[in-house]
Amino acid sequence: MHCSRHNNMSLLWITGLCVTALVVVRISNWWYRWSNPKSNGMLPPGSMGFPIIGETFDFFKPHGFYEISPFLKKKMLRYGPLFRTSILGVNTVISTDMDVNLDILRHENEYFNLSYPDGLVKPLGKESMFLKTGNIHKHIKKICMRLLGSENLKRKIIKDMDHVTCEHLNLKAGQRRVDLRDLVSSLITAHLTPKVISDLKPETQSILMESFKAFSFDWFRTSYILSAGRGLYKTLWACRQGMKLIKDVYTSRITSREKYNDFLETALEELEKEGSSVNEDVIVSLIFTLSGITQDTTSKAICMVVKFISENPKVLVELKREHEAILANREDKEGGVTWEEFRHKMTFTNMNFLVPTGYTIPADWIVLVIPSLVHFDPEIYDNPFEFNPWRWEGKELRSGSKTFMVFGAGARQCAGSEYARLQISLFIHHLVTTYDFSLSKDCEVIRVPGALFPNGISMNISKRSK
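Just so you know, we're using the UniProt record's numbering here: the sequence shown kicks off at 1 and counts up by one.
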């Protein structure tokens, strides 16, 4: 009896050890295959992190604004400017090499097709212009330029943009302390929404403007799950509400056949052309995402500009000199900023814009291009983390060159770059010529990896006494 029990226990132990060994072998084999993915050629060097989650949390770990991501710095020191990893469950090759980046952006659809992580696709929608490639993307971008291109900015937008910017700053100056991001988002949506859809009732326009304002990619730039979840919910809500409203207006326009001088009318004309590559869903998505992203990116850029100006008195003095000279030389003293002033008088405010051998990248991998790192290269720019507008003085810069990619390059050159420059310039013009301002002391900016204001950005503003 005792011997039988002992044999049974031994058998259980042996069975348990065998099962455990088998599990360990399977897990080890799985981990090895994860860490050493198969390829028909030689993959770039790198590491894949933990199975499934990869190195996602390291990639999105917050770091100081005036420094390169510790994750990227560590990888570049160990593997060079091109390395493999896994982010958001996707096998990824990260490129920080300026020549490789420019080549990828200029030859989209030849060697690479555009792709985004599923987490970005959901709020944008599968019909978003940012997910289109090839001729369809070119067609949609051409439609966008009908709204955001220089000609339309000059003829239809600059006057209203200037008026609304002046009006909003004047209104907020009476409150003394304001949320700068909210102020800029409000003024952008206030002048842009009627240009996009002009025949809305006041309450409907207000709802659409709130949807545009609520759209943000900040949720995607945080490693904190709860915060990211709330941000994603808010963005998804804004997308659903905004696109439903736009679709209702679209349907009404199709039925009534009335003509309106706005961007929706332009899009409908493109839709009705023979052989058009856009459909109803593309148009609805285009109008919402273009307006939402224009608000999100431009408002953040203006916040950064104001922060830099407020921390650099020498820059503020030079800006005041330039913009007060514009006011003094303006023939119509009651008029607003003209296109001529924007293009030719704001020389300090604006700048004048005039696949690696030996590696195999599998077809189902993503190549993550990080062009911004070239701007932090001390071999190209002296003291790259210093805010120094004079570094551009007297230089002719070509946006989309390998050492200067502030608005992307190739087919992905930002369609709204001129719009953003105009809005930033007008905001600076009115701010430095009419108001005294300062930012709150807790105004902190970090990268995750994009710029983020964890404490918001509050501004004290008051009208300057004459």
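Just so it is clear, CB atoms sit at the ideal spot from N, CA and C, and this is done for glycine as well.
Keep in mind it's a predicted model, so treat the numbers as computed, not measured.
Considering residue i, what are the terminal residues of the alpha helix (DSSP H) in which it resides?
i	result
Leu286	Glu280 to Ser310
Leu192	Leu180 to Val196
Leu148	Gly134 to Leu148
Phe57	Thr56 to Phe59
Ala325	Pro313 to Asn329
Asn170	Ile158 to Ala173
Going by CA-CA distance only, name the one from the options that's closest to residue i.
i	options	result
Cys303	Val317, Tyr250, Tyr79 and Asn455	Asn455
Lys247	Thr85, Ala301 and Asn279	Asn279
Ile87	Ser185, Ser47, Phe348 and Ile309	Ser47
Val184	Val305, Glu203 and Ser310	Val305
Glu418	Phe376, Thr297, Pro389 and Pro202	Thr297
Arg84	Phe65, Glu55 and Lys61	Glu55
Met209	Val178, Gln241, Leu232 and Lys75	Gln241
Asp97	Met42, Asn383 and Leu373	Leu373
Lys126	Val282, Leu169, Leu77 and Asn152	Val282
Arg146	Ala415, Ser465 and Val317	Ala415
Asn152	Ser198, Trp339 and Ser465	Trp339
Leu171	Pro449, Asp442, Glu444 and Leu431	Leu431
Phe217	Val448, Ile457 and Lys463	Val448
Phe342	Ser150, Leu72 and Leu12	Ser150
Pro194	Gly450, Trp390 and Ile287	Ile287
Glu334	Ile52, Arg421, Lys159 and Gly80	Lys159
Leu422	Asp162, Lys132, Phe215 and Thr255	Asp162
Ser186	Gly275, Leu169 and Trp13	Leu169
residue 504	Gly134, Ile380 and Phe215	Here the chain comprises residues numbered 1 to 466, so residue 504 is not present and cannot be evaluated.
Pro362	Met42, Trp13, Gly16 and Phe71	Met42
Leu371	Pro378, Thr251 and Thr403	Note that residue 371 corresponds to Pro in the displayed sequence, not to Leu. The shortest Cα separation from Pro371 among Pro378, Thr251 and Thr403 belongs to Thr403.
Met243	Leu232, Leu319, Ile207 and Ala173	Ile207
Arg155	Asn261, Phe59, Ala21 and Trp13	Asn261
Leu439	Val317, Ile309, Trp390 and Ile254	Ile309
Glu393	Asp182, Val23, Ile53 and Glu318	Glu318
His107	Val369, Trp34, Ser299 and Lys314	Val369
Val90	Arg78, Phe59 and Ile380	Phe59
On the three-state DSSP scale, how would you describe residue i?
i	result
Thr96	coil
Thr266	helix
Ile349	The amino acid at residue 349 is misidentified as Ile; the sequence shows Thr. Note: Thr349 maps to coil in three-state DSSP.
Val448	coil
Val369	strand
residue 482	With the chain covering only 1 through 466, there is no way to say anything about residue 482.
Ser47	coil
Thr338	coil
Phe404	strand
Gly242	helix
Asn91	strand
Leu226	Because Leu226 sits at a pLDDT of 49, beneath the cut-off of 50, its placement in the model cannot be relied upon, and the following sentence gives the value as read from the coordinates. Three-state DSSP puts Leu226 in a helix.
Ser86	strand
Gly16	helix
His430	helix
Arg391	helix
Leu354	At Leu354 the pLDDT is 42, less than 50, meaning the model places this residue with poor confidence and gives no usable figure here.
Pro454	coil
His63	strand
Arg106	helix
Pull up the CB-CB distance for residue i and residue j, whole angstroms please, since I reckon it's below 8 Å.
i	j	result
Leu192	Ser128	Wrong, their Cβ atoms sit about 18 Å apart, outside the cutoff.
Thr433	Leu327	6 Å
Ile461	Phe427	Not confirmed; about 12 Å, so no contact.
Thr347	Ser425	So it is not a contact: roughly 11 Å between Cβ atoms.
Leu180	Ser458	7 Å
Ser211	Ala238	5 Å
Phe61	Phe71	Going by the sequence as given, residue 61 is Lys instead of Phe. At roughly 6 Å, the Cβ-Cβ gap stays under 8 Å, so Lys61 and Phe71 are in contact.
Ala173	Ala301	So it is not a contact: roughly 22 Å between Cβ atoms.
Look at the Cβ atom of residue i, then the Cβ atom of residue j, and state whether they are nearer than 9 Å.
i	j	result
Pro44	Leu82	yes
His137	Glu270	no
Phe385	Tyr66	yes
His323	His429	yes
Ile104	Val367	yes
Glu311	Phe376	no
residue 467	Val249	Summary: the structure shown does not reach residue 467, with the chain confined to residues 1 through 466, and so no result is reported for it.
Val100	Trp365	no
Val445	Lys307	yes
Thr266	Ile157	no
Ser285	Asn135	no
Thr294	Leu148	yes
Gly275	Cys166	no
Go to residue i, then tell me how far its beta strand (DSSP E) extends in each direction, as first and last residue.
i	result
Phe217	Premise fails: Phe217 is in no beta strand (DSSP E) and is neither H nor E.
Asn460	Ser458 to Lys463
Ser438	Tyr435 to Leu439
Output yes if chain C places a C-beta closer than 9 Å to the C-beta of residue i; else output no.
i	result
Ile136	No chain C appears in this structure, which consists of one protein chain only.
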